[in-house]
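One structure below.
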Ligand SMILES: Cc1cc2nc3c(=O)[nH]c(=O)nc-3n(C[C@H](O)[C@H](O)[C@H](O)COP(=O)(O)O)c2cc1C
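In the UniProt record's numbering, the protein residues as written are 1 to 323.
Here it is as structure tokens:
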């Protein structure tokens, strides 16, 4: 079984990839999307999305990081995939799932699921532009309005030469509304020979088991669940190996959030504060301590104030919960 850390724009950056892959359990990460419009992008854009390119394309824990591209023009996507590969990306992932309206207006993401031929043309152009040793993977949803084109798209992506397919088990229309329809993946999975990765709403080891049973996939991608439950990948693997697992307590998580906050100093304070709060919006699902801290920091605007709240009592470290 492989677990892949999902791409999450605006929250899951290289520092969080580092933190989560050091905790362990992941076979791969995918970067936030790099938006491709009408020309090859300069190397600095790829390095910004994926600083790991400078260290062999892997996180410090050694987990490979695939570079994700989002765009609608096959030739331009192919040219950018080639640049990414030249810069050392260990794999290229193509985003056909992003529901954002701004992204879709600029032609890419899930909007393309209405045009299976263009999805296939992009996969095929990218496959031809990168070294055959470098995997090309695609990430889709079940469809745009509905899942009527799902099977055609999945088979087309395979036919176009993708090495793997990750499926977020909802349509664009369904947004992030629970549930995720893992059994929809299960209807198409037997027709595919490439590895298929199931994604969506895997918040716990029990959900991972259910997603595997319903989708027929052994490999899973974890997004929000990995942020809420930073050692979720280890917990899933322990469960599947029949071992007992004790999730990390809050006093081991909090120093990681502080470390994350410390790396955000290069951002404008407003953005740095928003990144930290974003992680808290997920952590509060799992940890009551994160919920009370979140209630306290949600109106704070400066990262230094947020850090103070994370360090000092009553919400930060106490004598009972040393750093
Ligand atoms: C804040 C946020 C940002 C995301 N950014 C990306 C992205 O850059 N590329 C992508 O393919 N998917 C992106 N996604 C979708 C996730 O990768 C994933 O498919 C989705 O959240 C469902 O999985 P989950 O329930 O495990 O979170 C994003 C999702 C969220 C919530």
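From the three backbone atoms N, C-alpha and C, an ideal C-beta is built for every residue, glycine too.
Per DSSP, reduced to three states, the secondary structure at residue 210 is helical. Taking the CA atoms as reference points, residue 136 sits about 19 Å from residue 218.
Per DSSP, reduced to three states, the secondary structure at residue 127 is helical. According to DSSP, residue 96 shares a beta bridge with 140.
With a contact defined as Cβ atoms closer than 8 Å, residue 238 and residue 232 miss out at about 11 Å. Rounded to the nearest whole angstrom, the C-alpha separation of residue 120 and residue 96 is 11 Å. Beta-bridge partners assigned by DSSP to residue 171: 143.
DSSP places residue 66 inside the beta strand (DSSP E), whose first and last residues are 65-70. Counting along the chain, the unbroken beta strand (DSSP E) around residue 30 starts and ends at 28-30. Going down the chain, each residue whose beta-carbon is closer than 6 Å to a heavy atom of ligand 1 shows up: 6, 7, 8, 9, 10, 11, 32, 33, 68, 95, 97, 98, 139, 168, 199, 200, 201, 202, 222, 223, 224, 225.
Residues of the same chain with a CB within less than 6 Å of the CB of residue 158, apart from the 5 flanking positions on each side, are 192, 194 in chain order. As the crow flies, the alpha-carbon of residue 282 is around 24 Å from that of residue 51. With a cutoff of 9 Å on beta-carbon distance, residue 30 and residue 67 are scored as near each other. DSSP places residue 164 within a strand segment (E or B) once states are collapsed to three.
A direct Cα-to-Cα measurement between residue 269 and residue 139 gives close to 32 Å. Rounded to the nearest whole angstrom, the C-alpha separation of residue 44 and residue 180 is 36 Å.
Look at residue 37 here: in three-state DSSP terms it is coil, with no helix or strand label. Between residue 166 and residue 214, the C-beta spacing is not below 9 Å. Short of 6 Å from the beta carbon of residue 2, and not among the five residues preceding or following it, lie these beta carbons of its own chain, in chain order: 27, 219. Within the region 194-238, complete alpha helix (DSSP H) segments of at least 4 residues are found at 205-215, 224-228, given in chain order. For a cut-off of 8 Å, the C-beta gap from residue 89 to residue 113 is around 24 Å, too long to register as a contact. Rounded to whole angstroms, the separation of the alpha carbons of residue 303 and residue 151 is 46 Å.
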